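Its first residue numbered 472, the sequence shown is counted upward by one per residue in our numbering.
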Amino acid sequence: LRYNKGKRRETQYLDLARSSTWHKSHKTSKEKSISPQSTPGFRPFSVTMFSAFSHLSRHHQSSAPRVASAIGRRFFAAKAGQSEVVLVGCGAPNRGMGWYHAVQMLEGRCPSASLDYVVEPWFLGAGSTGPGGPEFGQWAKETTSAHGTSFLSSVADLPAPKEPRCALISGRTADNPRLLTECIAADCKTIYLEKPGAPTVKELQQMKEEAEKAGVAVLMGYNKNVCKYVRKTREFAETVPGSHVTFVSNNAYENTPESLGECFERNAEGMLKNMAIHELALLVSFYDVTVENIESVTADKEFSSMQTLPG
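Next up, the structure:
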């Protein structure tokens, strides 16, 4: 990707073919970058992953109670100083990004967040007996038993909140605009929206306006903006005059037609909006890339292939 920076021409190499979809391990950074992707020319900023929940709960109590980190010792229902979290669109265990977020909260990694509800329309509905359905059902049963978390098939089934409510929307991109509307109606005061948020910029603008009208804060972010390897790379690059940085990431799926077909079926928005968007966010955040100064985009044809797969 070539772009103009002042009077200098800069080149950043973005490897689309190696962009990542998910990670098998849920031991991810506790920090996330949040950046409302709603208007051209915005500059993303970084906060800790706790901020979305702390921002909501600190108005009710200055200090949150200590939460036990051991899974079996965590108590159900948000307490004073905690946010009542609703995870919308959990996805399959060990695969869906929503599921990874759920595990982090259930393990007490976000002290100001209490995962009280999981809304999963697919696996608690038409997909309950399909691929991944039985596994989700078993995980839901175990989670309810261990933590008391309630599992629902629709946002409309949520009861009235007892503590400040935060929704973490991690559904399919095409469903997110509707889910955001439903979460606002369910008295969610803060919404943590999984990237890319919506299929089009127009829909993102409409969602932004809807949230502002309702007085709801919507947060979106990219964890690579605050991860250690990016920070160390940037720090080292600053010590080397004329340096160039190449971002390369890898998918965790098996290199088979079946696995790749399932990957693109589940992430129908495509590689740019689902995978390479992390690296694009890095370019926007730290390398002054904008829509206006992109000069050219060149695909790596030798490393690419066009395939027609079932899905």
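Every residue gets a Cβ at the ideal spot worked out from N, C-alpha and C, and that includes glycine. Here the structure is a predicted model, which is why all the values come from computation and not from measurement.
> What is the residue span of the beta strand (DSSP E) that residue 737 lies within?
Replying inline: Premise fails: residue 737 lies in the alpha helix (DSSP H), 728 to 737, not in any beta strand (DSSP E).
>> So residue 625 and residue 589 are supposed to be a Cβ contact under 8 angstroms. How far apart are they, rounded?
In response: Their Cβ separation, rounded to whole angstroms, is 12 angstroms, which puts residue 625 and residue 589 out of contact at 8 angstroms.
> CB residue 606 to CB residue 627, shorter than 8 angstroms?
Replying inline: no
> Counting pairs of beta carbons, one from the segment 606 to 624 and one from the segment 667 to 681, are three or more of them closer than 8 angstroms?
Replying inline: By the criterion of at least three beta-carbon pairs nearer than 8 angstroms, the segment 606 to 624 is not in contact with the segment 667 to 681.
>> Starting from residue 660, trace the beta strand (DSSP E) in both directions and tell me its first and last residue.
In response: That run of the beta strand (DSSP E) goes 659 to 664.
> Across which residues does DSSP place residue 655 in a beta bridge pair?
Replying inline: DSSP, once it has assigned bridges, lists no residue as partnering residue 655.
> So, residue 603 versus residue 563, is the Cβ gap smaller than 8 angstroms?
Replying inline: yes
> Mind checking residue 566: buried by the 16 CB within 10 Å criterion, or exposed?
Replying inline: When all chains shown are included, residue 566 counts as buried.
> With distances taken from CA atoms, which of 751, 575, 663, 617 is nearest residue 690?
Replying inline: 663
>> I'd like the list of long-range same chain contacts for residue 640, defined as Cβ closer than 8 angstroms, with 5 residues on each side in sequence excluded.
In response: The answer, listed in chain order, is 559, 560, 647, 650, 651, 654, 662, 663, 664, 665.
>> Tell me the residue span of the alpha helix (DSSP H) that contains residue 756.
In response: 748 to 757
> Does the Cβ of residue 507 have 16 or more other Cβ atoms within 10 Å, making it buried, or fewer, making it exposed?
Replying inline: With a pLDDT of only 35 at residue 507, under 50, the local geometry of the prediction cannot be trusted, and no value is derived from it.
> Using a Cβ-Cβ cut-off of 6 angstroms (strictly less than) and excluding sequence neighbours within five positions of residue 749, which residues of its own chain qualify?
Replying inline: 693, 695
> Between residue 555 and residue 667, is the Cβ-Cβ spacing less than 8 angstroms?
Replying inline: no
> Under 8 angstroms, do residue 659 and residue 638 count as touching if we go by C-beta distance?
Replying inline: yes
>> Suppose only complete runs of 3+ residues qualify. What are the beta strand (DSSP E) ranges in the segment 544 to 606, listed by chain order?
In response: For the segment 544 to 606, whole beta strand (DSSP E) runs of length 3 or above, ordered along the chain, are 554 to 559, 584 to 590.
>> So, with DSSP's three-state summary, where would you put residue 760?
In response: coil
> CA-CA distance, residue 776 and residue 756?
Replying inline: Distance between the alpha carbons of residue 776 and residue 756: 30 angstroms.
>> Is residue 688 near the ligand GTP - that is, is its Cβ less than 7 angstroms away from at least one heavy atom of it?
In response: What this structure holds is no ligand at all, so the ligand GTP is not there to describe.
>> Taking CB distances under 8 angstroms as the criterion, tell me whether residue 633 reaches chain C.
In response: Note that chain C does not occur in the displayed structure, where there is just one protein chain.
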